[in-house]
Each structure stands twice: as structure tokens, then as C-alpha cells.
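All remarks here apply to the structure that follows.
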Amino acid sequence: MNPSLKNIIEAALLAAGQPLNIERLQALFETDPPGRDEIRAALEELRAECAQRSMELREVSSGFRLQVRQEFAPWVSRLWEDRPTRYSRALMETLALIAYRQPITRAEIEEIRGVSVSSQIMKTLQEREWIRVVGYRDLPGKPAMYGTTRQFTDHFNLKSLDELPTLAEIRDLDAINVELDLGGVDAEAEPDAQNEELYKE
Amino acid sequence: MNPSLKNIIEAALLAAGQPLNIERLQALFETDPPGRDEIRAALEELRAECAQRSMELREVSSGFRLQVRQEFAPWVSRLWEDRPTRYSRALMETLALIAYRQPITRAEIEEIRGVSVSSQIMKTLQEREWIRVVGYRDLPGKPAMYGTTRQFTDHFNLKSLDELPTLAEIRDLDAINVELDLGGVDAEAEPDAQNEELYKE
Amino acid sequence: MSDTDTLIPAAELQIEPPLAIVQGAPYTRLPHDLYIPPDALEVFLETFEGPLDLLLYLIKRENLDILDIPIAQVTQQYVTYVELMKELRLELAAEYLVMAAMLAEIKSRMLLPRPAEVAEEEDPRAELIRRLQEYERYKQAAEDLDAQPQLGRDVFQARIEAPFDRPRKAPPEVSLYDILSAFKEVVERAKMFSHHHVQREPLSVRERMSQVLSTLSAERFTEFTRLFAPQEGRRGAVVTLLALLELIKESLIELVQSEPFGPIHVRSVNA
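Residue numbers (my numbering), protein chains in the order written: chain A, 3 to 203; chain B, 3 to 203; chain C, 1270 to 1540.
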């Protein structure tokens, strides 16, 4: 068969077993590497071709990945004895806060969750390389601030943090206030300017 | 898309990363596993379909596997080609101290460098056969003393260690702003003629 | 979302204890609602991620709007649960007790008659509402995140054999000069340590921080070594390095090294 650019890329993605970015795909060619546009076009061709197959082309943070489609999970997951790890709600909430509010300190996470965050959770998240210390807050004790990594977006099938599901809206205090009118004692309470600020995102 | 038996098998082979035999393919189905003949027929279908693709279905001793076609070797093998690497500053300093101050113990190296020397560094240098244990210091714990090897002097084309340039000679080089190597090769640092020679072997 | 957003609540808390709104629904139905089969009780209580979660549960169970909660009843319900928890899981109690105290305080403040103008300014429940809403949205975000296709659970990396020879990784090239300069570096550094001789940098680190930031982009990574100008010599390099360290400390930039000893890349961090 004739090794088309599309087929070369497919071969490389399958053999690499990890996402490859455009630079690495170009580096497959010793001389005259195809331009970025050519690579992109070939990737599009590959993506279209996969429509009828059990795998799909997905762009995640660290590059392009060929992956088995979600529809096949019921069968494919029987390949392994172990069920995939289910993460606790505490861990997922901590991770969500880091993802959406980064950079964020542990104390800030605890403030929002209303409970302490176990060291075990932070350790697990760091060992999974989903989070890392991105700096230190200029506060007493210089608490570490955490952010998510490329492995995080890769794992959750995202190209970038922009693709995270949008956060629910918080109704602002004006709206709250209207509803408060229903409620007895504080019928006349009105939010001051400062409170309103708090609700702005 | 409709998960056909062929597609389920393809999905499993892609995700497994190892050959699967017919029993394991049957075990993907919780209830009513397809018969061996059905599986074989689906494998044949998959094999035929692969004709136009960068992978092929092969039966090996432990089962069936999808593998990259030989034609793609020239491109795919470049995935694993070594990218130019460089030793860390810590390793280079350790090597330099052993070369210039031998015989020297690890503790002495650490004292001069002001930081600890990882076992990995010592191991790498020994594996490269540039350093070796040349004796033991008469101190508690009998620490090993390291020196350079014959391979080291050969590699650098020296007849003997006397030929190592002296510190005074190095100072002359100081004018040449090349020691900016705070990380990685100084591809951008514009070497003058003299430097270029130094970097040539 | 900026850092300050996160810090405001804490400040608020110090000034003014929150106010709650908990419209614990029908107080009369309470005993009935609270009945949980004894053997299920522990499991049931373990499912709460903390006091905010428990409060949300109580509010949701009664099908109440967070914004419309009679404090007194919910406080009562809450305390009942906390009592149950205390019996079963003592170590959990502290955070729950803090919340119970907060609810009690809100309750008492709401009972106090207040001068009209003060009432205009603050609602004692506002802070609690804010915290509940804030928690709820991240609780939801965690569920949404968990529902994302995950690698190894829902989607699977495709990986197949490439049955051909792989080139062996060659060891790094080292020149004699590399060894010499490493030696010179280490000797000079050792000297510096022994004399405790720290030189004042003539170039301004702050100024360099600005220069570095202005050349960095948040979208693209810049090669670390590009930030150093060889013509400035060692001094210049040190100033740049100090500037980079300071920028990292202030979380204005991030450094990434994808593999040990690989090239280091820098980019500015989006606030």
C-alpha cells in the first residue's frame, strides 16, 4: 500500500500509545517535513475516516490521540480484572476546585468545601500528576497554590481548561433579595454594594 | 454507530496493547458470548478491512494482535529516536570534581558542591565507565574514593590526566560568555570562533 | 476568577458571622423525615462531605429554595443529625459543630429586633447562602467532571505493536570543555560560599522581571535559554535568573520541563 501522510500519522499515533503534537508528527520526516497545514489536513482526513470505526481521533492538551470510543467501554473494560478506580466525592470536589479556581491554596479549598482536605487526597492528586504546585501565596507560611497539569486535561479528554463544563451560575443578591421578601423576619433586608460584589464572578 | 462484533474486537485489540486469543475475546461478552466461528469470521472481516490501513491483523502464539505495517517503519521508528540529550549540571560538576580532584569521596564532592549528589548520578557515571572506585578512605564507614578511568581519558583523547587543562587556562576562557548554560544547549548563544572550536570534538 | 475573590469570604467571616437562610421545611414533619433504618444510618451519614453538604441535603430534601429557608427549623434538623453523627463518628463532629454554632448565631440574630437602617444593610443569612451556593456549584462541577469521558474508564488509548527495531538511545555527548567549565563553576561557587561574599547586583532584578514578563506570552511557551542574553555576561544571567525566580514565586510565570534534563520552557500565567 502507498504510505499516505494520513496513514503515516495513523501508524505513528497507534504505535506511540500517547498523544503526539504536530511538531512530533513533523519530526517523523527526516527531510522535507510536511507543513502544519498539511498535517492538520491529514488529521482531518483521519478523523473523518474513523467515523465508521471503533476508534476516534481526539485532540487533548498534549496532542492528538487515537482512542477507543466510549460506546465500546462496556466490552473493553472487561479486558481488565480491576474495575477502574472510582474516586471519592471528596477527591473529585477538591479536584474540581483546583481545576476551576486555580491557582488555589488548600486553605481556600477547605474554606469553600467547609471541611478539611485530607493530605491523602492532595497526595493522590499529585501522584496522578493531575495537580501540581504552581506557586506560593504571599501569606504567612507561604501556602502552596495548586493548579492542574496537562495530564489532567489529557485524562479528562479535554484539549484545554476552556473545555471544562461551565460552572453553574450563582444567582446574584438582587434576585435573592426578591425571594427573601417571602421570608418573614428579613423581609426588608437589602444587599449592600459589597455583597453584590461577592456574587459577581 | 452500531457496535458490530468486528468493531468490538477491533476496540479490544486496540485497547489491550497485547495479543488476545479467542477465549479472551469471547470473555468480553457478559452474556451470550459469540461462538468461536463467529469470532473467527469477524477477525477475517477485520483483517480484510485493514488492507487499506496502516495496521494489520496478525496471529501470534498468544493470540491476535493489531500491529503497524512494516512499510511504516522508516517514519514510526523515528518516534523513538533519541532526541539530543544533555547531562545535568549536577552530573557534569560531579564528573569535573572527580576528574580534577581524584581520588575523591562522595561526601567530599557534596561538601564542595554544597548539595547532595544523587546515587543516580554516580550510577550513570559508572555505567558510562568514566569513573570507578579506586580505593577507600580510612574514615568511619570506609567511604569509596572515585577516580576516572582509562575510558575517560580515551574518550577525551588525553594521553594522561596531566593533559587536563588547568584552572588558569580555563580562566582565560572566561571572557567568552558561554557558560550561560543554565539549562540545555545554548543554541541561541552566539558562539564566537573560539567557542565553536571548543564545542567540536 | 481572581485570587481576591477567594479571600473575601474569609475576611467577611471575621467581620460578620454569616446569616443563614435555611428554610427548614415543615418542622412538624421532622421526626418522620429523620427516620433512617439504624443499620443504614452510618452509611447514610458518611455520604455527606461536610456540614455544607448536609445542609444542602436538608434543604433539597424539603424541596426548598436555598434562598428561602427558615433558619430555626433547619437548625433544629441539622442539630439532630449532628447528634447522630457525634454518636457514630466523633472525629467528624468538629466541623459540624462549627456550623451548628453558626446556625444558632444566625437564628439568635434574626430574633433580635434591629434598627431599621441596620436591617437595610445586612441580612445575617447572606454569608451562609453565599457559602451554600458556592459549595453547591462546585459539588455540581465535581459531578460534571466525573461525568467527563475519562481515559481508562470510558475511552481507551489505542496502542499497537510496531514490530521493528528501535534505535538505542545514545548517551549524551560531552566535550572536554563542558567538564572544564563545570569545574570552574563549582570551584567558583565553593569560593563564594567560603567567603560569604555576596555581590550586589548592579542591574535591577525588578526591572528585569518586567522585561521578562513583557517578552513572555501566556499562549505559547518560550524556551528558557532565550531569556538570557549572552552579551550581558554572567551578571546579566544572574539578574535574569533572579528575576525568573521572583516571578515564579509570585506565580506570574510557570516553568515546564517535559523530561529530565530536557529543555525548560517558560510562559506567563493567566491571572
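Quick reminder that beta carbons are idealized off the backbone N, C-alpha and C, glycines included.
Where the alpha helix (DSSP H) containing residue i begins and where it ends
i, result
"residue 210(A)", "The question about residue 210(A) has no answer, for chain A in this structure spans 3 to 203."
"residue 102(A)", "91 to 103"
"residue 1523(C)", "Segment 1522 to 1526 is the beta strand (DSSP E) holding residue 1523(C); no alpha helix (DSSP H) there."
"residue 1504(C)", "1502 to 1518"
"residue 1399(C)", "1395 to 1416"
"residue 1348(C)", "1340 to 1357"
"residue 1328(C)", "1320 to 1330"
Own chain, CB closer than 7 Å to residue i, minus 5 neighbours either side, in chain order
i, result
"residue 1498(C)", "1505"
"residue 123(B)", "92, 93 and 96"
"residue 70(B)", "56, 57 and 78"
"residue 1222(C)", "Residue coverage of chain C in this structure runs from 1270 to 1540, which leaves residue 1222(C) outside it and unanswerable."
"residue 48(B)", "8, 11, 12 and 59"
"residue 1379(C)", "1340 and 1393"
"residue 21(A)", "62, 64, 65, 66, 67 and 156"
"residue 1526(C)", "1533"
"residue 1531(C)", "none"
Test item: CB-CB of residue i and residue j under 9 Å
i, j, result
"residue 11(A)", "residue 44(A)", "yes"
"residue 131(B)", "residue 153(B)", "yes"
"residue 1372(C)", "residue 1349(C)", "no"
"residue 1456(C)", "residue 100(B)", "no"
"residue 1325(C)", "residue 157(A)", "no"
"residue 1522(C)", "residue 1482(C)", "yes"
"residue 1589(C)", "residue 1320(C)", "Lying outside 1270 to 1540, the shown extent of chain C, residue 1589(C) is not represented and no answer is given."
"residue 1513(C)", "residue 1496(C)", "yes"
"residue 1410(C)", "residue 169(A)", "yes"
"residue 1338(C)", "residue 1402(C)", "no"
"residue 89(B)", "residue 1447(C)", "yes"
"residue 105(A)", "residue 149(A)", "yes"
"residue 1413(C)", "residue 98(A)", "yes"
"residue 166(B)", "residue 1449(C)", "yes"
"residue 80(B)", "residue 83(A)", "no"
"residue 1318(C)", "residue 1376(C)", "no"
"residue 116(B)", "residue 1503(C)", "no"
"residue 1494(C)", "residue 1501(C)", "no"
"residue 1474(C)", "residue 1515(C)", "yes"
"residue 19(A)", "residue 19(B)", "yes"
"residue 74(B)", "residue 5(A)", "yes"
"residue 1441(C)", "residue 72(B)", "no"
"residue 147(A)", "residue 1479(C)", "no"
"residue 160(B)", "residue 1445(C)", "yes"
Where the beta strand (DSSP E) containing residue i begins and where it ends
i, result
"residue 1537(C)", "1533 to 1537"
Cutoff 8 Å; reference residue i; Cβ partners in own chain excluding five residues on either side
i, result
"residue 151(B)", "131, 132, 133 and 134"
"residue 1424(C)", "1418"
"residue 41(A)", "7, 11, 24, 27 and 28"
"residue 1484(C)", "1491 and 1496"
Own chain partners of residue i with C-beta closer than 6 Å, once the 5 adjacent residues on each side are dropped
i, result
"residue 1490(C)", "1534 and 1536"
"residue 216(B)", "With chain B covering 3 to 203 only, the question about residue 216(B) has no answer from this structure."
"residue 181(A)", "Because residue 181(A) carries a pLDDT of 49, less than 50, the predicted location of this residue cannot be relied on, and no value is offered for it."
"residue 1351(C)", "1365 and 1369"
Check: residue i C-beta below 8 Å from any heavy atom of the ligand COA
i, result
"residue 105(B)", "Among the components of this structure there are no ligands whatsoever, and the ligand COA is therefore not found."
Three-pair Cβ contact test at 8 Å for the region 12 to 31 of chain B versus the region 57 to 72 of chain B: yes
Start-end ranges of the beta strand (DSSP E) lying completely within the region 6 to 74 of chain A, minimum 3 residues: 57 to 62 and 65 to 70
Beta strand (DSSP E) segments (min. 3 residues) lying fully within the region 120 to 154 of chain B: 133 to 138 and 146 to 150
Any 3 or more C-beta pairs closer than 8 Å across the region 103 to 117 of chain B and the region 128 to 143 of chain B: yes
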